[in-house]
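Each step along the sequence shown adds one to the number in UniProt numbering, with nothing skipped, and position 45 is 45.
These notes are about the structure you will find just below.
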Amino acid sequence: ETFIYVERLRANYALGKYFLQVDMSHLQQFDEGLYNNLIDNPVKFLPLLEDGAKEVLDFTTNKKDLHDIQVQLIGFDRHSTLRGLGSQDISKLVNIPGIIIGASRV
Numbered sequence: 001e002t003f004i005y006v007e008r009l010r011a012n013y014a015l016g017k018y019f020l021q022v023d024m025s026h027l028q029q030f031d032e033g034l035y036n037n038l039i040d041n042p043v044k045f046l047p048l049l050e051d052g053a054k055e056v057l058d059f060t061t062n063k064k065d066l067h068d069i070q071v072q073l074i075g076f077d078r079h080s081t082l083r084g085l086g087s088q089d090i091s092k093l094v095n096i097p098g099i100i101i102g103a104s105r106v
């Protein structure tokens with residue numbers, strides 16, 4: 001049995017890339033409850049995924065002082081537009097196609 005995300009995580013980390021792209025459709029197939037929780041409360045559940053990725057690295061490598069891992073979600077099929085956002089979308093995971101030209105902390 002192949003664990004694609006463990007292998008990708010280890011390969012990225014070895015190259016100094018401290019992120020892991022997770023396909024949302026894989027997450028939905030693996031654990032529908034976690035998938036829904038991530039959509040409904042990403043502030044709580046995304047850090048749990050990132051902590052889990054770091055724990056996997058800690059378990060599978062001999063490295064000390066591991067870097068934090070950023071989990072990047074891809075393949076999220078619930079698209080919206082800025083004009084289509086409403087109060088029901090506050091604090092939820094949304095996907096708005098476009099190009100980011102600037103970013104700041106709120």
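Here a beta-carbon is modelled for each residue, glycine too, at the ideal position from N, C-alpha and C.
- DSSP places phenylalanine 76 in no alpha helix (DSSP H); its state is neither H nor E.
- When DSSP states are grouped into helix, strand and coil, asparagine 95 belongs to the strand group.
- Sequence-distant partners of arginine 10 (beyond 5 residues in either direction) whose C-beta falls short of 8 angstroms from its own C-beta, in its chain, are Leu57, Thr60, Thr61.
- Taking the Cβ atoms as the reference, asparagine 12 lies roughly 6 angstroms from phenylalanine 19, within the contact range of under 8 angstroms.
- For alanine 53 and arginine 105, the gap between their C-alpha atoms comes out near 25 angstroms.
- Annotation for phenylalanine 30: the continuous alpha helix (DSSP H) segment containing it runs 24–30.
- Taking 8 angstroms as the cut-off, the beta carbon of phenylalanine 30 is found no closer than this to the beta carbon of leucine 38.
- When rounded, the separation of the alpha-carbon atoms in isoleucine 96 and valine 22 is 18 angstroms.
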